[in-house]
Each structure stands twice: as structure tokens, then as C-alpha cells.
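Numbering (full-length UniProt numbering), first residue to last: 1 to 189. Beta carbons are placed, not taken as given, at the ideal position from N, Cα and C, and that holds for glycine.
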Amino acid sequence: MIIPMTDDERRLTEEYLYLVPEMVKKLTSRCAYVSYDEQQDLLQAGNLALCKAAMNYDNTRPFAVYARVAIRNAIYSYWRKLQKERKYTCSMYASSEFDMEPLLVDQKTELWQEQCMNQEPIYKHLQSLEAGSCNTLRKGIHALLLQQKGYTNQEISKHYGVPMNHVRAWQSKARKYLQQDTKLYTLLS
1 MIIPMTDDER RLTEEYLYLV PEMVKKLTSR CAYVSYDEQQ DLLQAGNLAL
51 CKAAMNYDNT RPFAVYARVA IRNAIYSYWR KLQKERKYTC SMYASSEFDM
101 EPLLVDQKTE LWQEQCMNQE PIYKHLQSLE AGSCNTLRKG IHALLLQQKG
151 YTNQEISKHY GVPMNHVRAW QSKARKYLQQ DTKLYTLLS
């Protein structure tokens, strides 16, 4: 069943329409290449999220903040959906003698090895902090790592079986704790 937007919801959507390209640009700024088609798909997903946000808006907080979060989550969901659907196929015209090895990441290069060596101490340090911390900090660090992988707070809260505000509180405590950790700062620099 399609529920039409009211005039107020439509006005709100039109007023904050600039947020969609802004969020797409912000979230894709670190991507090496985003095709025109993918940009259009992201804009469409963002516009739909903006419309849904306007329809669900309850006037208890600023709409711009609420809409940005909704757009960001819609884009993350779109990327997760793409990742699940992505199929790697080989052309029928490719010969059986074609070597796929050059197309794969060369794990023997110095740059790749250096990146792995740089990431490993950070990951081990985060694991040690997670293991040695109280339950709230442990959950907060784990939730931040899950969020870094693309999960939303809603999905994380379902995983733990708690309300979303608990997850946000854990993440906030973990961020404060990690910001004060000098060893982590030296590993990141």
C-alpha cells in the first residue's frame, strides 16, 4: 500500500533536498572511482530515504540531523545489498589459458605487506583493550568495529538484543576511552 505524502512532508523534503547530494559526496569522497550509474543509484536511495524521513518525522529533534542519518543508513544499506548480490563472472570469450593472477591483488608487494604490518598492531591493541576492559567498554569497542564494517546501530542493537540508545552509549564511552589511549594514537600516526 502506497501512502501519499502530505503537503508539509513534501515541503520538508523539498526544503532539505540539498542533503542528498551532500551526503553522497561526503560518503564517496574516499572512493577511488564511483561510476555515474552508481552515483545516480545512491542519489535515488538517498532521495527515498529523505522522503521516508519526512514521513516519519516527529518534530522532536532538528530534521536536518535526522535526515542525514537516514540518508547515510540508506546508502550503507544499498552498499551492503550490492555486496551480497555481487557475482564475479568470467566472459565466455575468455580463453581457458587466461591467467587471472595479475587481476588479483598482489600480496607480495612491499606496499601490501607494509599496510598489513601497520594494521596488525592496531588490531591487536584494540583486541587487548577490548579483552581487558569492563563489559560496557568491551561492547562499545566491538560495536565501533562492527559499525566500521558497515553495520548500523539498529542492526547492532538487534544483535545484542538491547535498545539502540544502549549501543550509542557504549560507543560514546568507548570513543572517549580510545581518545585518551596514547598507545593507540602512536600506532595510528
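- Note on geometry: alpha-carbon atoms of residue 49 and residue 148 lie some 21 Å from one another.
- Between the C-alpha atoms of residue 4 and residue 173 there is a straight-line separation of about 41 Å.
- In this structure, DSSP gives residue 45 a helical state, which the three-state scheme calls helix.
- Spatial neighbours of residue 46 in its own chain (CB-CB distance under 7 Å, excluding positions within 5 residues in sequence) are listed in chain order as 20, 23, 24, 71, 74 and 75.
- Rounded to whole angstroms, the separation of the alpha carbons of residue 32 and residue 52 is 30 Å.
- Residue 124 sits exposed, since fewer than 16 C-beta atoms from the chains shown fall within 10 Å of its C-beta.
- Using a 10 angstroms sphere on the CB of residue 82, the tally of other CB atoms stays under 16, which defines it as exposed.
- Excluding five sequence positions before and after residue 42, the CB atoms of its chain that fall closer than 6 Å to its own CB belong to 24 and 75, given in chain order.
- For residue 182, the closest C-alpha among the options 159, 161, 150 and 126 is that of 126.
- Apart from sequence neighbours up to five positions away, the residues of its chain that approach residue 13 with a beta-carbon distance below 8 Å are 5, 50, 51 and 54, ordered along the chain.
- Along the stretch 136-168, the beta strand (DSSP E) does not occur as any fully enclosed run of 3 or more residues.
- Residue 78 has its alpha-carbon roughly 11 Å from the corresponding atom of residue 150.
- With a cutoff of 8 Å on beta-carbon distance, residue 122 and residue 130 are scored as not near each other.
- Within the model, the alpha-carbon separation for residue 139 versus residue 170 is close to 6 Å.
- Each residue's CA atom was taken as its position, placing residue 34 and residue 57 some 31 Å apart.
- In this structure residue 167 is in contact with residue 153, their Cβ atoms being roughly 5 Å apart against a cut-off of 8 Å.
- Collapsing the DSSP output to three states places residue 34 in coil.
- Taking each of 65, 155, 158 and 176 in turn and checking the Cα distance to residue 136, the smallest one comes out for 176.
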